[in-house]
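Peer 1: Residue numbers (this note's numbering): 1070 to 1185.
Quick reminder that beta carbons are idealized off the backbone N, C-alpha and C, glycines included.
#1: Would residue 1111 pass as a contact of residue 1161 if the rule is Cβ separation under 8 Å?
#2: Does the count of Cβ pairs from the stretch 1116-1136 and the stretch 1097-1107 closer than 8 Å reach three?
#3: Ignore the nearest five residues each way along the sequence and tell me which others in residue 1157's own chain have a CB closer than 8 Å to its CB.
#4: Going by DSSP in three states, residue 1130 sits in which element: helix, strand or coil?
#5: Would you kindly report the start and end of the unbroken alpha helix (DSSP H) that includes residue 1100?
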């Protein structure tokens, strides 16, 4: 029962993060805001990397969220004319690649390739 409750809590948390204006924070002109948005995405990917292997639905939900944030904000942050913010975006992508490791979020890979 405890495992089921914690699984439901994980799904609920992902849905609540999805409803947040996290994607909009990547377009903010303040580097502190974009830095914190990057940290949230990296922390989410890191914390969920062990759970997504056991729960296919959670894997789809987290993968979709990461894909949306990469496509909708992080890649644009990398192309920012402000060097500090562009570096934040690049570090965010590098950290996501390192954190996701063998689990990965495969739907995000084509998004990276499209932008190259």
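Peer 2: Looking at the coordinates:
#1: yes
#2: no
#3: 1100, 1103, 1104, 1107 and 1146
#4: helix
#5: 1100-1117
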